[in-house]
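Notes to accompany the following structure.
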Amino acid sequence: MTDPADTTPPSRAQIDPELLALAQEVFDLARRGDASMLAAVLEKGVPPNLRNDKGDSLVMLASYHGHVDAVRALLERGADPDLRNDNGQTPIAGAAFKGFDTVIETLLAHGADVEGASPDGRTALMVAAMFNRTAIVDLLIAHGANPNAQDVNGVKASDAAARMGAGDAQARLKELGA
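Residue 568 is where the sequence shown starts when you use our numbering, and the numbers rise one by one after that.
Below, the structure written as structure tokens:
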């Protein structure tokens with residue numbers, strides 16, 4: 568008999584293989600951006616904050632793959648827009664990395680933290696600046712991102728842009744006084 572107070576997740580070996588296969592299919596729906604099927608499985612009881620073995624939530628997977636309709640469907644059904652994966656990354660930072668501005672707009676509209684900082688203090692703005700994504704730099708700053716925020720090493724978005732040779736983002740941040 569198991570202790571009802573035990574919140575330790577079961578090992579993969581203890582989980583029914585059919586249930587694992589079903590969960591994998593749900594994660595694949597998020598990766599593919601199948602908004603209508605995601606909505607249907609959530610309405611049938613799949614938890615909106617379901618995570619895979621790397622801690623990636625359905626929102627993280629849909630965000631990282633640029634599927635704005637799937638992100639919206641998940642968020643409208645209670646998914647957490649800030650749920651971090653096992654590496655401490657947020658969906659907004661993943662979307663900034665990949666360059667998906669409409670996903671970022673959707674996350675922000677549903678309450679995502681505009682900074683989206685990882686445990687080392689790297690913000691979504693820093694990520695956007697590193698990869699020269701000036702439209703996303705503008706979007707994040709327009710929503711209140713702090714261009715002078717620093718990671719644990721004292722690096723700001725403009726520093727990150729300079730280190731990566733992201734001249735357009737560096738120039739844009741300078742124009743904004745960062």
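Quick reminder that beta carbons are idealized off the backbone N, C-alpha and C, glycines included.
Suppose contacts are defined by Cβ-Cβ distances below 8 Å. Is Ala728 in contact with Ala736 by that definition? Taking 8 Å as the Cβ cut-off, Ala728 and Ala736 qualify as a contacting pair.
Rounded straight-line distance, which links the Cα of Leu609 to that of Arg644: 7 Å
Use the C-beta contact count for Gly683: other C-beta atoms within 10 angstroms, 16 or more gives buried, fewer gives exposed. Classification of Gly683: buried, given that the 10 Å Cβ count is 16 or more.
Can you give the Cα-Cα distance for Ala676 and Ala606, rounded to whole angstroms? 19 Å
Kindly list the residues whose CB is nearer than 7 Å to the CB of Asp687, restricted to its own chain and excluding five residues on each side of it in sequence; keep chain order. Asp718, Val719
What first and last residue would you give for the alpha helix (DSSP H) that runs through Ser630? 625-631
CA-CA distance, Ala637 and Asn616? 13 Å
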